[in-house]
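Protein sequence lines, in the order shown, are assigned to chains W and B.
Under the numbering used here, the first residue of the first sequence is numbered 1, with each subsequent residue one higher.
Under the numbering used here, the first residue of the second sequence is numbered 1001, with each subsequent residue one higher.
Quick reminder that beta carbons are idealized off the backbone N, C-alpha and C, glycines included.
Below is one structure, written out as structure tokens, with a few remarks after it.
Number of protein chains: 2
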Amino acid sequence: MIRTRIKELLNSTAYGEEVTVKGWVKTFRNNQFLAVNDGSSISNIQVVVDFEHTDEQILKRLTTGAAVAIKGVLVASLGKGQRVEVKASAIEILGDSDPEKFPLQPKKHSLEFLREIAHLRFRTNTFNAVFKVRNALSFAVHRFFNERGFIYMHTPIITGSDAEGAGEMFKVSTLDFDHLPRLEDGTVNYKEDFFGKPTNLTVSGQLEGELAALAFGNIYTFGPTFRAENSNTTRHLAEFWMIEPEMAFYELQDNMDLAEELLKYVIRYALDNCTEEIEFLKNRLVEEEKSKPQQERSELDLIAKLNFCLENDFERLTYTEAIAILKRSKPNQKKQFKYLIEDWGADLQSEHERYLVEKHFKKPVILTDYPADIKAFYMRMNEPDEQGRKTVRAMDILFPGIGEIVGGSQREERYDKLVQRMEEMHIPTKDMDWFLDTRRYGSVPHSGFGLGFERLVLFITGMTNIRDVIPFPRTPKNAAF
Amino acid sequence: MIRTRIKELLNSTAYGEEVTVKGWVKTFRNNQFLAVNDGSSISNIQVVVDFEHTDEQILKRLTTGAAVAIKGVLVASLGKGQRVEVKASAIEILGDSDPEKFPLQPKKHSLEFLREIAHLRFRTNTFNAVFKVRNALSFAVHRFFNERGFIYMHTPIITGSDAEGAGEMFKVSTLDFDHLPRLEDGTVNYKEDFFGKPTNLTVSGQLEGELAALAFGNIYTFGPTFRAENSNTTRHLAEFWMIEPEMAFYELQDNMDLAEELLKYVIRYALDNCTEEIEFLKNRLVEEEKSKPQQERSELDLIAKLNFCLENDFERLTYTEAIAILKRSKPNQKKQFKYLIEDWGADLQSEHERYLVEKHFKKPVILTDYPADIKAFYMRMNEPDEQGRKTVRAMDILFPGIGEIVGGSQREERYDKLVQRMEEMHIPTKDMDWFLDTRRYGSVPHSGFGLGFERLVLFITGMTNIRDVIPFPRTPKNAAF
């Protein structure tokens, strides 16, 4: 008999219908009430077991984590807490679960503990909700771009280019480390490596994305990117997914409009399509924050925070304006910032970004026109200001609790200016001839940005550690599973 | 003024409306007719240039590949070949293109040549069509699974497990190859590597997918996978994208049904949503095949072939039945196969698969229940047949011209049998404890398969080399761009 997914059963009114439920036992109370979950919903279906007429051996095996197939009749529930339940007529144990050994007992486990058993944490309510939201957000991203005629490009993961410039890279090789082929001068002979040269894992698909945008108009990537940085923080992963749209004929303003529209679209989509999960995550966060002192708790609950983002325009201002605000801010005056803001040109730290977003504007902020010296080579140079200071057409979107969630810019489309800047920043132009070709043959103004997908999931689920929003996190000294 | 995308203009009837077009010059005939393309459609918009009133310097710069912004009025075209055109009132050159140097002249280029300039081939009609179809297929895959409540899982790209068993792997490391840290016995000290142990690029997300399926029920992956095999063929890539659904409570039959449904869904979606592109690709293939002898040309054109797949059930038979057919087949009797089929147990070669699909059944074929010895450790063991031969619940889907497009199986969910098989195949069970946990705690029958995305794109676009359906192919000695 075909199984009915529990999510459908919970919404069903076909009382009296015979159904088959398959799933995993959450709890078994009083030798009578079996809570079964099949992953389709956070909510369990209650199965009423006929204690008298069920084999004792079966009853004993109805332990937390065991897999069961239940035949029975859907009935209105007399008990509290559920509208429907299944009156079991036959119970089959598909797979046992030794209650002495199964690590997920029906009690609260710490997120740290669950991270160690990431292969089993999917079976908890919290991670069911988190990965349902992650799934919905992925789909929302694709739908957003598809509706707007953007072309999804799979940019390469293995790259022979080391000029992406976004951070430390992982090497990819098939050489035998115990017998490295060497040239006469003793250096490694990469001609014998798989690709005939040194290769790395990509840190960004942007440069290849630009090639495609200058043919298709609007494109986006959505794939894994990598940073070999020894950052053990709650916001960094060595392997993470990134969304990078790139648009021909877009200037900085268009770029900001698109990014804001995308963020609002996917938040709206999650609220509409993951109502049960986000409600659960909201309550989880309230519980979690009860252990914190009052002033550290969120002012808004999760759903209120998401709605607040939808209802307000993101605040847009230049780096120069932001520096002025920060300079005269209370924490700067009172020397409470770890890095005091003194001069124009300073790179903004997390504490400064959070001050702007969480204290000063109290909403998402888009900062533009950063000093050229602290930004990448491919960003479009502005005319120097009246004081001769050089800025680029960058834009970063800062979110409460997250910091930078989007980083983007208008790109330098002028061949001469781009080459000059690459030379200043010691980027070898000879290896980048393919990139420069876009500026040689029909160059156009264009823009793009990168959205860190895990940071987005973090924001929308209200989780606080980025390792809890990707199935199997990769961090320094950890590549388990 | 906001630009209108050419795809919209070509469908517009707003005669007399002032519009702005931005794009790249394809051709400029008679100092009058400018064909402009912005990537939104294979078709160009014709711009009529007022020769008399346009600066000679501008006219000179209207070369193939140059980027332009045109203001003008949309009018009904008097010429043949287009319904509408734009009567230009102002022409701006956004980016020049030196006609002496621009590699894409308005003539036919070979696919081999275009592969060398993969960064520019996006601007050709063929690759515009190919990557539009690829984009549509990606979206169709996500939509198919989303409609069915499957959860999209991002399984890890960097893996510490080398037991995936699907092929040779790339190593991932941050060690300095010129100064490798070594233990006392001279071997490399991986404790100092980024992850504290040897790591590789994934060859499959299946094992992690199983972990998720045994919590969520139905999941799928869609991400890059890697093979470090020195295969220089038209069907192999070192980096390619794979779709891997995994379903709890699915047996082999359900698995086959889902795979067939998915393939038909995405073919239907491409036909419905890429009509113009597939029409173009159909004609391209007809042209290409004109240089071939009659008997090597396709019996059906591209669209007929796709419709044929939609209209017919895939032929399902066991390996054992297939061997019997192959043994008595004409090419086997006449010793025309390179590898003659003699005994049960032989691995099928491409020539055998093609015979079954293209000659014998003349439609897609699903082969099941392969000999255990030639399949992976995780496939579910059947009861031995009357002759004591051991088979596993594998299923491969074979497509005309492509060969294996899907490989899948019901998984071995029985702990003891799985461990026994791993030991027989020398797979270290101690590193795989996380995988075995799924069989310890609530194991259930489950199944899944892998669909090679590029092979799907190859089939639906009618292209013949897999390097032409991924933006930047990675193959032995090639990681350009």
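Within its chain, find whatever has a CB closer than 7 angstroms to the CB of residue i; leave out the 5 residues flanking it on each side and keep chain order.
{"i": "R994 (chain B)", "result": "A query on residue 994 (chain B) cannot be resolved here, the shown segment of chain B reaching from 1001 to 1481 and no further."}
{"i": "G1065 (chain B)", "result": "W1024, V1025, S1097, F1102, L1104"}
{"i": "F150 (chain W)", "result": "N218, I219, Y220, P245"}
{"i": "A372 (chain W)", "result": "M381, K390, T391, V392"}
{"i": "L1010 (chain B)", "result": "S1041, S1043, I1045, V1084"}
{"i": "T1465 (chain B)", "result": "Correcting the residue type first, residue 1465 (chain B) is Asn in the shown sequence and not Thr. Hits under 7 angstroms: L1111, T1234."}
{"i": "D50 (chain W)", "result": "A88"}
{"i": "M463 (chain W)", "result": "V130, V469"}
{"i": "L1237 (chain B)", "result": "E1454, I1466, I1470, P1473, R1474, T1475"}
{"i": "Y1370 (chain B)", "result": "Y1319, T1391, V1392, A1394"}
Under 8 angstroms, Cβ to Cβ, is there at least one residue of chain B near residue i?
{"i": "F122 (chain W)", "result": "yes"}
{"i": "E251 (chain W)", "result": "no"}
{"i": "N189 (chain W)", "result": "no"}
{"i": "I278 (chain W)", "result": "no"}
{"i": "H490 (chain W)", "result": "Summary: the structure shown does not reach residue 490 (chain W), with chain W confined to residues 1 through 481, and so no result is reported for it."}
{"i": "P106 (chain W)", "result": "no"}
{"i": "P384 (chain W)", "result": "no"}
{"i": "S40 (chain W)", "result": "yes"}
Any idea if residue i is buried or exposed, counting beta-carbon neighbours within 10 angstroms, 16 or more meaning buried?
{"i": "I397 (chain W)", "result": "buried"}
{"i": "F249 (chain W)", "result": "buried"}
{"i": "K132 (chain W)", "result": "buried"}
{"i": "P1156 (chain B)", "result": "buried"}
{"i": "Q1061 (chain B)", "result": "In the sequence as displayed, the identity of residue 1061 (chain B) is Arg instead of Gln. The residue is buried, with at least 16 neighbouring Cβ atoms inside 10 Å."}
{"i": "L1183 (chain B)", "result": "exposed"}
{"i": "Y339 (chain W)", "result": "exposed"}
Any beta carbon from chain W within less than 8 angstroms of residue i's own beta carbon?
{"i": "H1142 (chain B)", "result": "yes"}
{"i": "A1394 (chain B)", "result": "no"}
{"i": "P1331 (chain B)", "result": "no"}
{"i": "A973 (chain B)", "result": "Nothing about residue 973 (chain B) can be read from this structure; chain B reaches only from 1001 to 1481."}
{"i": "H1236 (chain B)", "result": "no"}
{"i": "Y1265 (chain B)", "result": "no"}
{"i": "A1067 (chain B)", "result": "yes"}
{"i": "I1428 (chain B)", "result": "The sequence shown places Pro at residue 1428 (chain B), rather than the Ile named in the question. Output row for P1428 (chain B): interface = no."}
{"i": "H1446 (chain B)", "result": "no"}
{"i": "M1379 (chain B)", "result": "no"}
{"i": "L1302 (chain B)", "result": "no"}
Can you look up residue i in the DSSP assignment and give me helix, strand or coil?
{"i": "I323 (chain W)", "result": "helix"}
{"i": "S77 (chain W)", "result": "coil"}
{"i": "A1215 (chain B)", "result": "helix"}
{"i": "A129 (chain W)", "result": "helix"}
{"i": "N189 (chain W)", "result": "coil"}
{"i": "Y370 (chain W)", "result": "strand"}
{"i": "G1388 (chain B)", "result": "coil"}
{"i": "H1446 (chain B)", "result": "strand"}
{"i": "G160 (chain W)", "result": "coil"}
{"i": "F1453 (chain B)", "result": "helix"}
{"i": "Y1532 (chain B)", "result": "There is no way to answer for residue 1532 (chain B), as the model of chain B reaches only from 1001 to 1481."}
{"i": "Q1349 (chain B)", "result": "coil"}
{"i": "G196 (chain W)", "result": "coil"}
{"i": "D1178 (chain B)", "result": "coil"}
{"i": "K1430 (chain B)", "result": "helix"}
Whose C-beta lies closer than 6 angstroms to the C-beta of residue i among residues of the same chain, with five residues either side of it excluded?
{"i": "G72 (chain W)", "result": "V86, K87, A88, S89"}
Which residues in the same chain have their Cβ closer than 8 angstroms to the Cβ of residue i, if we skip the five residues on either side of it in sequence?
{"i": "I1267 (chain B)", "result": "L1306, C1309, L1310, I1460"}
{"i": "A1118 (chain B)", "result": "P1471, F1472, P1473, A1480, F1481"}
How many Å lie between residue i and residue j at the Cα?
{"i": "T225 (chain W)", "j": "P1384 (chain B)", "result": "46 angstroms"}
{"i": "E1251 (chain B)", "j": "V392 (chain W)", "result": "58 angstroms"}
{"i": "P445 (chain W)", "j": "G1095 (chain B)", "result": "9 angstroms"}
{"i": "E1018 (chain B)", "j": "S1043 (chain B)", "result": "20 angstroms"}
{"i": "K1375 (chain B)", "j": "A1394 (chain B)", "result": "8 angstroms"}
{"i": "C274 (chain W)", "j": "I303 (chain W)", "result": "11 angstroms"}
{"i": "L1456 (chain B)", "j": "F1144 (chain B)", "result": "15 angstroms"}
{"i": "L1367 (chain B)", "j": "T1318 (chain B)", "result": "5 angstroms"}
{"i": "N1031 (chain B)", "j": "K1080 (chain B)", "result": "18 angstroms"}
Does the CB of residue i have a neighbour CB from chain C at under 8 angstroms?
{"i": "F308 (chain W)", "result": "Within the model displayed, chain C is absent; protein chains W and B are what it includes."}
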